[in-house]
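Heads up: the sequence shown runs through residues 1 to 112, numbered per UniProt numbering. Positions of the beta carbon are idealized from the N, C-alpha and C atoms, including for glycine. In this text the structure is predicted, and so the values were computed from the model without any measurement. First up is the structure itself, then whatever we jot down about it.
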Amino acid sequence: MELQVSTVSQAGHAVVTAVGELDLYTAPRLQQALVALLREQEVDRVVIDLSGVEFCDSTGMNVLLSGMKRVKERGGVFELAAPRPAVLRILQVTGLDTVFTVHDAIPALDAM
């Protein structure tokens, strides 16, 4: 399955939405979107909307960790939102649910 990635930003806050499977083959698409976002815009908060991600493997998790590192190096905040049960389970089993800030729902841009 392919991964679709879209970004919406407003006033230094961005929501990056991923839909599909986040794995070895598709993770570079999300990584490229995050790199482009950080290169092209001044953002201090990035929320990754995982509500449409059906599967995530270790490569996908590494892309998320790398994105978090880049955002935090710039003094920003990196959060995950609305992971499906299968993705949430991977976060919990790996202990990454304590590394990432994980929200049950996607915060509205104007509430960010």
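Specify, as a first and last residue, the run of the alpha helix (DSSP H) that L91 falls within. P85 to T94
Contiguous beta strand (DSSP E) assignments of at least 3 residues, all confined to the UniProt domain "STAS" (3 to 112): 3 to 10, 13 to 22, 45 to 56, 77 to 81 and 101 to 103
For A14 versus L50, is the C-beta spacing smaller than 9 Å? Taking 9 Å as the Cβ cut-off, A14 and L50 do not qualify as a contacting pair.
Cβ shell of L34 (< 6 Å), same chain only, five flanking positions each side left out: G67
Between I48 and the rest of its own chain, which residues show a CB-CB distance below 6 Å, the 5 nearest in sequence each way excluded? V16 and L80
Using a 10 Å radius around the Cβ and a threshold of 16 neighbouring Cβ atoms, would you call A82 buried or exposed? buried
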